[in-house]
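A quick write-up on the structure given underneath.
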Amino acid sequence: MLFTNCTTKKEIVPTTLGIIEKNFQTDLVINYKLDKTGIQDTFNNAISEALRGNFDIPEYDIKMILSKPSTATVEITGKDILVKVPIGLYLEKKTFLTTLSAHGVLQMSFISNIDIDSIWNLSTKTILSDYKWINRPQLTIAGVNIPIQTIANAAIKQSKQYIETAIDQSIKENLTLKDKMAENMKIFKEPFRIDTSMNGWLSIKPQAFRINKVNNQQFAAYGKIEVKGTSTFTTYKPPVQQSVPSLPKVFWSEHIPDSSIFRIVADIKTFDINPFIKANLEGKTFTEGGKSITLSNIVTNCDYQYFKVTTDVAGTINGTLLIKGKPQYDARKNEFYMDNIDIELRTKNVIHKAAAWIGEGKIRKELESMLKFPINSYLSNAQKNIDVFLKDFYTAYGIALRVGIGRIDLESFELQPGVINAVLRSKLYLEVGISDFRSFNKF
Numbered sequence: 001m002l003f004t005n006c007t008t009k010k011e012i013v014p015t016t017l018g019i020i021e022k023n024f025q026t027d028l029v030i031n032y033k034l035d036k037t038g039i040q041d042t043f044n045n046a047i048s049e050a051l052r053g054n055f056d057i058p059e060y061d062i063k064m065i066l067s068k069p070s071t072a073t074v075e076i077t078g079k080d081i082l083v084k085v086p087i088g089l090y091l092e093k094k095t096f097l098t099t100l101s102a103h104g105v106l107q108m109s110f111i112s113n114i115d116i117d118s119i120w121n122l123s124t125k126t127i128l129s130d131y132k133w134i135n136r137p138q139l140t141i142a143g144v145n146i147p148i149q150t151i152a153n154a155a156i157k158q159s160k161q162y163i164e165t166a167i168d169q170s171i172k173e174n175l176t177l178k179d180k181m182a183e184n185m186k187i188f189k190e191p192f193r194i195d196t197s198m199n200g201w202l203s204i205k206p207q208a209f210r211i212n213k214v215n216n217q218q219f220a221a222y223g224k225i226e227v228k229g230t231s232t233f234t235t236y237k238p239p240v241q242q243s244v245p246s247l248p249k250v251f252w253s254e255h256i257p258d259s260s261i262f263r264i265v266a267d268i269k270t271f272d273i274n275p276f277i278k279a280n281l282e283g284k285t286f287t288e289g290g291k292s293i294t295l296s297n298i299v300t301n302c303d304y305q306y307f308k309v310t311t312d313v314a315g316t317i318n319g320t321l322l323i324k325g326k327p328q329y330d331a332r333k334n335e336f337y338m339d340n341i342d343i344e345l346r347t348k349n350v351i352h353k354a355a356a357w358i359g360e361g362k363i364r365k366e367l368e369s370m371l372k373f374p375i376n377s378y379l380s381n382a383q384k385n386i387d388v389f390l391k392d393f394y395t396a397y398g399i400a401l402r403v404g405i406g407r408i409d410l411e412s413f414e415l416q417p418g419v420i421n422a423v424l425r426s427k428l429y430l431e432v433g434i435s436d437f438r439s440f441n442k443f
């Protein structure tokens with residue numbers, strides 16, 4: 001998907017010749033970042049709504065109003081969400097003499113445990129884990145204390161039930177996980193066209209998902225989702241699936257890598273390789289034993305066996321050099337190269353073996369050292385295309401994505417006329433920034 005910019009735009013006539021079908025294991029890792037500011041907003045809104053209920057205590061004839069004097073804080077770690085919320089209490093009691101009132105502030109700490117079973121059912125359980133008075137309210141009548149501790153305990157019991165329910169409900173409303181994931185499976189129903197030049201199509205079949213516990217940090221919480229499955233690359237459009245693929249199972253795992261392993265079939269055309277070879281050879285002069293040749297008009301090509309370079313030469317000999325060899329791959333340098341090249345000379349339409357001083361000695365070795373093509377030359381153009389896509393994606397969905405391409409390696413290759421069909425392997429880092437739980441539902 002990332003390398004189509006390096007191909008030429010030619011009209012392709014469909015034939016059975018050169019049809020390719022490749023299956024690969026897919027490990028797509030999504031690194032997500034939860035913005036705690038946005039998550040706090042979600043919980044604060046839910047708690048504020050919960051505190052609008054009626055909290056009067058009829059058995060003591062006390063009117064009670066609850067408020068949130070400052071913002072609740074949210075910390076996410078593992079499968080738990082810790083919410084600390086300050087609760088303001090306003091107590092009012094009418095007597096035959098006067099109306100008494102008191103204010104108090106209570107800090108309540110709630111823990112929400114979130115779990116997802118293998119078939120994507122989301123469950124939450126929120127409980128009040130701790131509380132402490134910041135400012136305890138006082139009510140007295142003519143020196144007689146009203147049982148404020150009993151009243152306060154009743155307030156805590158009643159308000160905690162509302163808040164626990166509100167937090168659970170907010171998570172479920174904002175994180176409709178199973179329904180949304182089932183809907184997202186529609187994107188795998190149809191194949192993706194990823195290369196117009198060779199009519200390339202990619203079909204992805206997820207087989208399982210893995211998620212890990214969330215890692216809490218100061219301003220954000222981080223986690224990973226891994227999609228494991230099979231991707232199929234074909235040079236023909238496969239049939240569209242009639243039904244939406246079923247939702248694969250999901251499992252908790254703490255052994256998810258940071259990067260995705262991505263494989264794709266790329267048609268590396270000799271037309272695209274030519275500028276790199278030309279940069280090494282065009283205008284170069286080679287000298288040995290008082291004789292010299294200068295190269296110009298470099299053209300590269302290949303057939304089913306050989307990679308070929310044709311160049312005009314001028315100097316001691318005038319004509320055209322025909323250089324061919326079987327390409328090799330250097331994994332350490334990540335580049336194609338040729339050794340044991342065969343050199344022929346064409347003069348006045350007659351082809352014969354090049355002179356020994358060209359084909360056997362120093363010049364031959366210099367030519368071999370310059371007939372190289374680096375695979376990583378694709379990297380910068382691929383990253384530019386991705387950055388454009390991510391900008392458009394943010395405009396459409398308001399979700400920040402960051403993708404970084406790692407080293408691109410060659411796993412295998414084969415020659416066809418004018419094309420090197422290669423299987424490329426790259427590490428891909430994908431990060432999704434999520435402002436609040438509702439962002440999950442925008443995919």
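Residues 1 to 443 in the working numbering are what the sequence shown lists, from first letter to last. Using N, Cα and C, we set each Cβ at its ideal position, and we do this for glycine too.
Residue i burial status per 10 Å Cβ neighbour count (16 or more: buried)
i: L17; result: Residue confidence is low: L17 scores 42 on pLDDT, short of 50, so the model does not pin down where it sits. No coordinate-derived value is stated.
i: L456; result: No answer is possible for residue 456: it lies beyond the span of the chain, which begins at 1 and ends at 443.
i: N318; result: exposed
i: V313; result: buried
i: D272; result: buried
i: T230; result: exposed
i: E164; result: buried
i: V240; result: exposed
i: V419; result: buried
i: I343; result: buried
i: S170; result: buried
i: R210; result: buried
i: I351; result: exposed
i: F192; result: exposed
Residue i versus residue j - alpha carbon distance
i: A422; j: I264; result: 8 Å
i: G404; j: I127; result: 41 Å
i: L51; j: G104; result: 15 Å
i: Y337; j: T77; result: 50 Å
i: K157; j: L247; result: 41 Å
i: N54; j: I111; result: 24 Å
i: Q218; j: K36; result: 9 Å
i: W357; j: K365; result: 11 Å
i: L202; j: K172; result: 34 Å
i: N280; j: N297; result: 12 Å
i: I30; j: S259; result: 8 Å
i: N216; j: K33; result: 10 Å
i: T316; j: K353; result: 16 Å
i: Y90; j: A182; result: 46 Å
i: E414; j: F307; result: 11 Å
i: G88; j: N174; result: 26 Å
i: K160; j: R425; result: 53 Å
i: F24; j: V85; result: 49 Å
i: V432; j: S369; result: 43 Å
i: I323; j: I363; result: 12 Å
i: K180; j: K132; result: 39 Å
i: N135; j: Q107; result: 9 Å
i: K326; j: L367; result: 14 Å
i: L2; j: Q305; result: For L2, the predicted model reports a pLDDT of 34, less than 50, meaning its position is unreliable and no value from the coordinates is stated.
i: T176; j: P374; result: 46 Å
i: T124; j: N113; result: 6 Å
Terminal residues of the alpha helix (DSSP H) in which residue i lies
i: D179; result: L177 to N184
i: Y236; result: No alpha helix (DSSP H) holds Y236; DSSP gives it neither H nor E.
i: I148; result: I148 to N174
i: K365; result: K362 to M370
i: G359; result: A356 to G359
Residue span of the beta strand (DSSP E) that contains residue i, given as start and end
i: A102; result: T99 to I116
i: L28; result: E21 to D35
i: I119; result: Element bounds for I119: n/a, residue is neither H nor E.
i: E444; result: No statement about residue 444 is possible, as the shown extent of the chain runs from 1 to 443 and does not include it.
i: L51; result: That residue, L51, is in no beta strand (DSSP E); it is neither H nor E in DSSP.
i: K324; result: G319 to G325
i: S243; result: No beta strand (DSSP E) holds S243; DSSP gives it neither H nor E.
i: I65; result: I62 to S67
Local conformation of residue i per DSSP, three classes
i: T73; result: strand
i: P504; result: In the structure as shown, the chain starts at 1 and stops at 443, and residue 504 therefore has no counterpart that could be examined.
i: I211; result: strand
i: A331; result: coil
i: T347; result: strand
i: I405; result: strand
i: P137; result: coil
i: G418; result: coil
i: K94; result: strand
i: L2; result: Model confidence at L2 stands at a pLDDT of 34, short of 50, so the residue's coordinates are unreliable; what they give is reported in the following sentence. In this structure, L2 counts as coil in the three-state DSSP scheme.
i: T230; result: strand
beta-carbon residue i near the ligand SAH non-hydrogen atom, thresh 6 Å
i: K333; result: As far as ligands go, the structure on display features none, and thus does not contain the ligand SAH.
Quick one: which unbroken beta strand (DSSP E) runs of 3-plus residues sit fully inside the stretch 255-310? Chain order, please.
-> Qualifying beta strand (DSSP E) stretches, in chain order: 260-269, 285-288 and 291-302.
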